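In terms of my numbering, the sequence shown is residues 1 to 493. Here a beta-carbon is modelled for each residue, glycine too, at the ideal position from N, C-alpha and C. Note that the coordinates shown come from a computational prediction; the quantities given were computed from them, not determined experimentally.
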Amino acid sequence: MRAIIINPVDNVAVALEHVKAGERFTARGREYEAKTDAAPGHKIALVDIPAGSEVIKYGYPIGRATVPIAAGETVHVHNLKTALSGELEYDYKPRLTPPDPRTPGSFKGFRRKDGKAGIRNEIWIIPTVGCVNSIGQVIAAKARGLVRGTVNGIYSYSHPYGCSQLGADHENTKKALRGLINHPNAGAALVLGLGCENNTMEGMKELLGHGDTERVKFLTCQDAGDEMEAALRLLEELVSYAEGFAREDIPTSELVVGLKCGGSDGLSGITANPLVGVYADRLIAEGGTAILTEVPELFGAETILMNRCESREVFEETVKLINGFKAYFTSHGQPVHGNPSPGNKEGGITTLEDKSLGCTQKAGRATVTDVLKYGERTKKKGLNLLESPGNDLVSTTALAVSGAHLVLFTTGRGTPFGSPVPTVKISSNTRLAEAKRGWIDFDAGRLIAGADIRSLADELYELVRDIASGKTLTKTEQSGARDLAIFKNGVTL
């Protein structure tokens, strides 16, 4: 199959391989002729599309033709533009597809004293302020010899914030750090401060809201005679505490998985994202939780999710999420359709609607059960929507902060970054999987060659279970890629 028509009402096909001008291809039982070259992931008009008319893909408009487009011509930035605008009013038209309940599977995880489950037993060093980033990294390096028993490692997460911030921007930092300190993948945590920052140690203790002095230790560098010696002493105590945890059977109903795409191409919405959607539906049917974020990459596809909200209350929160992020863009004088990126366009994605309709495929068919503000932890099982931008590092960190044990990250272009939690890279095409074996964990491009999506979803399910059980490390874990990026939304003093 050289090209695919995703939805019967589409007026474009997507090339699955290079199609040259003059070549014929068959899609949905009909034969078409290409009038211009089309690279994999790029769109080919199936009919004449008049200027100003909608271009339909995934069964929805992805923009309007800027000039007349003849059948067989490539449809891209030269003849298609977005139709997105600012804040909108929406009607709630529920179209819910209840899952077929499944008996939960299980994985080998760590049961914490507060009842939560983790999939790693690491010690995390969390700086309250960027001024101690380098100290944290040196401490983590010196502490490697302390790792023993069931402890998987000691890691320090650097970030540039914690001081010279005001209002909601400062609160974002505090909430993000709280989410990491309390994350169940961390068997224990060392909170590392400087002493003069406005993100005070006392303020962090109050925000954490618990007095678990066994699991969480605090060190203010300006108050310590030798901060290295003091830190190593505290880490020895934390390792002694954390090695008391052992893996045990935990039902998949307690697994929280983040859904994210980045460096997408025109095949992402056809292979990798729908595959993750099938996995997410299975996880949710087993009582688990999936989190979808990158709100600006829902623009143009938001009504699909709105009509899947379990109640009018959740619908109204989703409307606030979408319109609130549009207001965030316009308040900074930026258009709401600033995406897609140059790499997206090279891969065949033309407009933000095009990107968003592919992005939402990761959410499968599940009902939306809750909407989370940035830094807020999941409270309800099922599909959650999370407030966060599309930036890969920021949104993947946000998923971890909200409690994701791991992140399924689909990509058509490839990226080596990691996050505070295991980040599973899923390629949309086999070429990428073969070229970047050190980056990619799973090849969804096999769908193009005729693999069955249910069989691949079962394979992905087993991989996730092995990662959650510690049998398999992600490529980012193997390479040591562990990045942290906090959502910055305000002035810096």
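### Task
Determine, using beta carbons only, whether H332 and L352 come nearer to each other than 8 angstroms.
no
### Query
Looking at the C-beta of I139, does it have a partner C-beta in chain B at a distance below 8 angstroms?
The structure shown contains no chain B, having only a single protein chain.
### Task
Check the C-beta distance from S479 over to P416 and give it rounded, since I have them as a contact under 8 angstroms.
7 angstroms
### Task
Output the residue ranges of the alpha helix (DSSP H) runs that lie fully inside the segment 326-405 and measure 4 residues or longer, sorted by chain position.
342-346, 352-359 and 392-401
### Message
Here's a check: name, in chain order, each residue in its chain whose Cβ is nearer than 6 angstroms to the Cβ of F218, leaving out the five neighbours to either side.
### Response
V191 and M201
### Message
Comparing C-alpha positions only, which one of I486, A449, V407 and E434 sits nearest to I119?
### Response
V407
### Task
Whole angstroms is fine: what's the gap from T476's alpha carbon to A468's?
14 angstroms
### Beta-carbon proximity list for A140, same chain, < 8 angstroms, skipping 5 on both sides
I125, I154, Y155 and S156
### Query
Per DSSP, Y60 forms a beta bridge with which residues?
K57
### Residue(s) in a DSSP beta bridge with Y14
Per the sequence presented here, residue 14 reads as Val, with Tyr not at that position. BP columns for V14 point to I4 and K43.
### Task
Would you kindly report the start and end of the unbroken beta strand (DSSP E) that includes Y155?
G153 to S156
### Task
Provide the residue(s) that pair with P251 in DSSP beta bridges, ordered along the chain.
S106
### Message
If we require 3 or more residues per run, which beta strand (DSSP E) segments fall completely within the segment 118-174?
### Response
122-127 and 153-156
### Query
Are there 16 or more other CB atoms within 10 angstroms of the CB of R312, so buried, or fewer, so exposed?
exposed
### Message
Here's a check: name, in chain order, each residue in its chain whose Cβ is nearer than 8 angstroms to the Cβ of A435, leaving out the five neighbours to either side.
### Response
G414
### Message
Going by the DSSP bridge assignment, what does I291 pair with across the sheet?
### Response
G258 and N384
### Task
Using alpha carbons as the reference points, say which of N198, N185 and G105 lies closest to N121.
N185
### Task
Name the one or two DSSP bridge partners that L432 has.
Answer is none; L432 lacks a bridge partner.
### Task
Would you check if the segment 481-491 and the segment 388-400 touch, i.e. whether three or more CB-CB distances between them fall below 8 angstroms?
yes
### Task
Could you tell me whether the Cβ atoms of C221 and I135 are closer together than 8 angstroms?
yes
### Query
If we ignore side chains and look at the alpha-carbon of each, how far apart do L385 and K142 end up?
39 angstroms
### Query
On the three-pair Cβ rule with 8 angstroms, is the segment 350-368 touching the segment 267-274?
yes
### Task
Indicate whether N525 and V55 have their beta-carbon atoms separated by less than 8 angstroms.
With the chain represented from 1 up to 493, any question about residue 525 goes unanswered, as that position is not in the structure.
### Task
Reducing DSSP to helix, strand and coil, say where I440 ends up.
coil
### Message
For K43, tell me which candidate among E310, G195 and A70 has the shortest Cα-Cα distance.
### Response
A70
### Query
Does the Cβ of V295 have 16 or more other Cβ atoms within 10 Å, making it buried, or fewer, making it exposed?
buried
### Message
Give me, in chain order, the residues of the same chain whose beta-carbon lies closer than 6 angstroms to that of V47; leave out the 5 immediate sequence neighbours on both sides.
### Response
N11 and A71
### Message
Going by beta-carbon coordinates alone, are Y90 and V319 separated by less than 8 angstroms?
### Response
yes
### Task
Just the C-alpha distance for L321 and A65, rounded to the nearest angstrom, thanks.
29 angstroms
### Minimum C-alpha distance to G287 - residue among A301, E316, V314 and L255
L255
### Message
Am I right that S428 and T410 are in contact with their C-beta atoms under 8 angstroms? What's the rounded C-beta distance?
### Response
6 angstroms
### Message
Please classify A449 as buried or exposed, where buried requires at least 16 neighbouring CB atoms within 10 angstroms.
### Response
exposed
### Query
Going by C-alpha distance, which of T74, N307, T173 and H78 is nearest P94?
N307
### Task
Pull up the distance between the alpha-carbon of G412 and that of D265, whole angstroms please.
5 angstroms
### Task
Determine the burial state of G422: buried for a count of at least 16 other Cβ atoms within 10 Å of its Cβ, exposed for fewer.
The question names Gly, but residue 422 in the sequence shown is Pro. With 16 or more Cβ atoms within 10 Å of its Cβ, P422 is classed as buried.
### Query
When the distance is taken between beta carbons, is A83 closer than 8 angstroms to P61?
yes
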